[in-house]
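Residue numbers (our numbering), protein chains in the order written: chain S, 1 to 441; chain C, 1001 to 1441.
We put the beta carbon where it would ideally sit given N, CA and C, even for glycine.
Down below is the structure, laid out as structure tokens.
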């Protein structure tokens, strides 16, 4: 690597840029070169996958130092990236209390509250005075807590009684009891709550952390907002990839194995391809018309793509609005009304464009013959119908999927386009029969 | 509203559910019913748009109480939602120091650091002892700071010298100087940094807040991570909507005006429609073939949609990977190589499906005549070519757009599908001429 061979000192930014291109040996050399403190910083900002790869590429005696930099929730994520043998090796490197914490966290799925939480939070007892609570925090727990933004008030069985922000504790008169200043009405989540739900709570209430409790309201840990930024980003990536008509990759594009990527893409592609075969069947019924007026066939892609595109717009909007809880199941009629109006408007605009195209296209380029006006009207009317139909189908499909208990995000642009292609052909040839029979057909 | 008329007390959740459906009078009644404290909570969790609507719907003498609940950055967002007359009215309701802060914030665009930041942060001087700093924070600023997670060390001209977490300040021996425990290497951002860049910094470094500084490194405010969750969500919404082939709406689907929505959707739809007209032109060149073998026309939608769908997948993946900085401009060749392999694999799968479809489709449903095998080969080869071409086009278009300084997110599924439609037809008819000339053509 040219960047690594020159004499000037390597900066963290350069290493970050070059990282994904380096072999594991070059990575080790680079880490040595930038020095211990910078290497630690660099390690901490890697994602769990890269952290795991880095630790495993180290000689056994150097692994421990890196692994111990991580708080238990992050260590659990790294361990989760490894296969079973490596897991045991890495777990053996942790100190006893951390190993117990990591083991407890490994029991949870990565995408639920238990898998996101840190077991290290600041806690005090209700009967303490404010002064005592501050000293207690200062002397005992501060080493072992991830955030002191909120201080949780628990009883001896770890039941969650209330919460106070560190700021409020700090401002309160020293002689007051913690129980007098705490807020009892705490927003908490169960261990198995999905990360997407949790992120909505964070946004709704502008929180910095949320406590995770078991059925008996005993505190298990806290989820902090910095982890939620990652969650929101991940969920958006999943939704975007689904909207492109495939399964979510769950791995960075350049790192996923080729076979895995083909598998994740081929499924939907094959389903869509087989559904699209219906277009060939539908067109089989109109083969006579096509043979008599081949000019009709030349407009097929134009007309069905107009429906597919307006349908993609509508489904994309509705799926996203559902993900943000802006649109709920019972809003289907409001959405339908909007798409009826929008679809008609858009259909008229495109219909007019299509009409103009056929009427003003220079005669020396293509001759539509004596039936130019009739053809133009056929195209215009079909486009209006297909765009309107596309908007309705695209906007209602996510409701249908959700109503059936399926993921509305499956209403991807390609899926909607495929649905609309088949029906668009039927609309087109029906309109053509109505307007052109006796003239061209 | 049935929910509001029954006798049981209204809960916050019910109000939240019903809110978007209520008239402004019903909203006021509902707020009175749930009581002052809950009404305040409810108001604080609304977004800026709804907060503005609520405040403006109140009689003038009740507006002040709600508006003053807001920290200056949120108040600025609310004021920004109003038109000019209302703005002045609302500004007059703020107390003097807040008005000055809000005014300063209004000078920034909503989506850059200055527009996101809060001017209320905890600051100390380097020469203070830890004990002095804690007392200083406790006595003076705590009322007026948004977070004490980080404490910023500034000189008398507000130049940023360093930072310490509150936790570290709290743990340090009381007699040490602040300058001895502070970290000097602070990650800060300029006032005009775009929010998307800022959110990347937050994720990379797991920060809870980032200071905003001017050119002279003077501290202007802090951006806190809870605002970043919103930013990530907003940016994802924009990207998703663009991926559906339209401009980002920038407003919730159910609230945006119909005319605005049509405008945001019609632009791209018209561009795509006009580009798709090229398919009609392309097919004009093959009208003879179509007239001679109408069966060829029946497969047109199937073949071009296969290319469009695989292209949508590729562009969606690459656009998202670029947004997450997983893929950079110089990675184009690595992406091309992956898509060459993936596209070939996917093309073979779909080609085989198409071949099987024609060979095994029961004779009594559709008779392809004596040339069944030749037709099946034509379809299979065309599908392989079109899918491969779609994958390459879809994956390279975002690179091209970015290289030209345009937004790679414009490489939407419908845009790619349109590009591939035109070229897909040419591929199809070229393959058909090669295989079928002398047989069917």
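Residue(s) in a DSSP beta bridge with residue i
i: residue 152 of chain S; result: S/123 and S/163
i: residue 1222 of chain C; result: C/1118 and C/1211
i: residue 1129 of chain C; result: C/1177
i: residue 190 of chain S; result: S/213
i: residue 1183 of chain C; result: C/1163
i: residue 33 of chain S; result: DSSP lists no partner for residue 33 of chain S.
i: residue 1017 of chain C; result: The partner list for residue 1017 of chain C (beta bridge, DSSP) is empty, contrary to what the question assumes.
i: residue 110 of chain S; result: DSSP lists no partner for residue 110 of chain S.
Cβ pair residue i, residue j closer than 7 Å
i: residue 410 of chain S; j: residue 314 of chain S; result: no
i: residue 182 of chain S; j: residue 164 of chain S; result: yes
i: residue 1382 of chain C; j: residue 1431 of chain C; result: yes
i: residue 387 of chain S; j: residue 352 of chain S; result: no
i: residue 271 of chain S; j: residue 1342 of chain C; result: no
i: residue 1151 of chain C; j: residue 1166 of chain C; result: yes
i: residue 396 of chain S; j: residue 223 of chain S; result: no
i: residue 294 of chain S; j: residue 1291 of chain C; result: yes
i: residue 212 of chain S; j: residue 232 of chain S; result: no
i: residue 228 of chain S; j: residue 424 of chain S; result: no
i: residue 1159 of chain C; j: residue 1217 of chain C; result: yes
i: residue 1079 of chain C; j: residue 1070 of chain C; result: no
i: residue 1010 of chain C; j: residue 1033 of chain C; result: yes
i: residue 1194 of chain C; j: residue 1326 of chain C; result: no
i: residue 1098 of chain C; j: residue 1119 of chain C; result: no
i: residue 124 of chain S; j: residue 136 of chain S; result: yes
i: residue 1275 of chain C; j: residue 1393 of chain C; result: no
i: residue 132 of chain S; j: residue 162 of chain S; result: no
i: residue 1298 of chain C; j: residue 323 of chain S; result: no
i: residue 243 of chain S; j: residue 1243 of chain C; result: yes
Beta-carbon separation (whole angstroms), residue i vs residue j, contact threshold 8 Å
i: residue 1321 of chain C; j: residue 252 of chain S; result: 7 Å
i: residue 37 of chain S; j: residue 31 of chain S; result: With a Cβ gap of about 11 Å, residue 37 of chain S and residue 31 of chain S do not count as contacting.
i: residue 1179 of chain C; j: residue 1126 of chain C; result: 4 Å
i: residue 1214 of chain C; j: residue 1220 of chain C; result: 6 Å
i: residue 1289 of chain C; j: residue 1429 of chain C; result: 6 Å
i: residue 1054 of chain C; j: residue 1066 of chain C; result: 7 Å
i: residue 1436 of chain C; j: residue 1378 of chain C; result: 6 Å
i: residue 427 of chain S; j: residue 389 of chain S; result: 6 Å
i: residue 1374 of chain C; j: residue 1439 of chain C; result: 5 Å
i: residue 493 of chain S; j: residue 1245 of chain C; result: Lying outside 1 to 441, the shown extent of chain S, residue 493 of chain S is not represented and no answer is given.
i: residue 258 of chain S; j: residue 1338 of chain C; result: 7 Å
i: residue 316 of chain S; j: residue 1240 of chain C; result: 6 Å
i: residue 226 of chain S; j: residue 1225 of chain C; result: 6 Å
i: residue 235 of chain S; j: residue 196 of chain S; result: 5 Å
Next on the checklist: Give me the subset of the stretch 1310-1322 of chain C whose CB atoms are less than 9 Å from a CB atom of chain S, sorted by chain position.
Outcome noted: 1310, 1312, 1313, 1314, 1315, 1316, 1317, 1318, 1319, 1320 and 1321
Next on the checklist: Short of 9 Å Cβ to Cβ, which residues in the stretch 1322-1338 of chain C face chain S?
Outcome noted: 1323, 1324, 1326, 1327, 1328, 1331, 1334, 1335 and 1338
Next on the checklist: Along the stretch 1186-1212 of chain C, where does the CB come closer than 9 Å to a CB of chain S? Name the residues.
Outcome noted: 1199, 1202, 1203, 1204, 1205, 1206, 1207 and 1208
Item to check | Residues, ordered as in the chain, of the stretch 55-74 of chain S that lie near chain C by beta-carbon distance below 7 Å | outcome: none
Item to check | Residues from the stretch 1290-1305 of chain C in contact with chain S, defined by Cβ distance under 8 Å | outcome: 1290, 1291, 1294, 1295, 1297, 1298, 1299, 1300, 1301, 1302, 1304 and 1305
Checklist entry - Of all the residues that make up the stretch 1272-1283 of chain C, which are near chain S by a beta-carbon distance shorter than 7 Å? => result 1272, 1273, 1274, 1276, 1277, 1279, 1280 and 1283
Checklist entry - Between the stretch 234-247 of chain S and chain C, which residues of the former have a C-beta closer than 7 Å to a C-beta of the latter? => result 236, 237, 239, 240, 241, 243, 244, 245 and 246
Checklist entry - Of all the residues that make up the stretch 1154-1171 of chain C, which are near chain S by a beta-carbon distance shorter than 8 Å? => result 1166, 1167, 1170 and 1171
Item to check | Contacting positions in the stretch 422-433 of chain S - beta carbon closer than 9 Å to chain C | outcome: 422, 424 and 425
Checklist entry - Given a limit of 7 Å on CB to CB distance, which residues of the stretch 1348-1359 of chain C reach chain S? => result 1349, 1350, 1353 and 1357
Checklist entry - What residues in the stretch 368-400 of chain S bring their beta carbon closer than 7 Å to a beta carbon of chain C? => result none
Checklist entry - When you check each C-beta in the stretch 35-54 of chain S against every C-beta of chain C, which residues fall closer than 7 Å? => result 45
Checklist entry - In chain order, which continuous runs of the alpha helix (DSSP H) of length 4 or greater are located wholly inside the stretch 1078-1104 of chain C? => result 1084-1093
Checklist entry - What residues in the stretch 1085-1106 of chain C bring their beta carbon closer than 8 Å to a beta carbon of chain S? => result none
Checklist entry - In the stretch 1235-1310 of chain C, which residue ranges form an unbroken beta strand (DSSP E) of at least 3 residues, counting only runs that do not cross its ends? => result none
Checklist entry - Which ranges would you report for the alpha helix (DSSP H) in the stretch 325-384 of chain S if only whole runs of at least 4 residues count? => result 332-360
Item to check | Members of the stretch 251-263 of chain S near chain C, C-beta cut-off 7 Å | outcome: 252, 253, 254, 258, 261 and 262
Item to check | Contiguous beta strand (DSSP E) assignments of at least 3 residues, all confined to the stretch 1388-1423 of chain C | outcome: none
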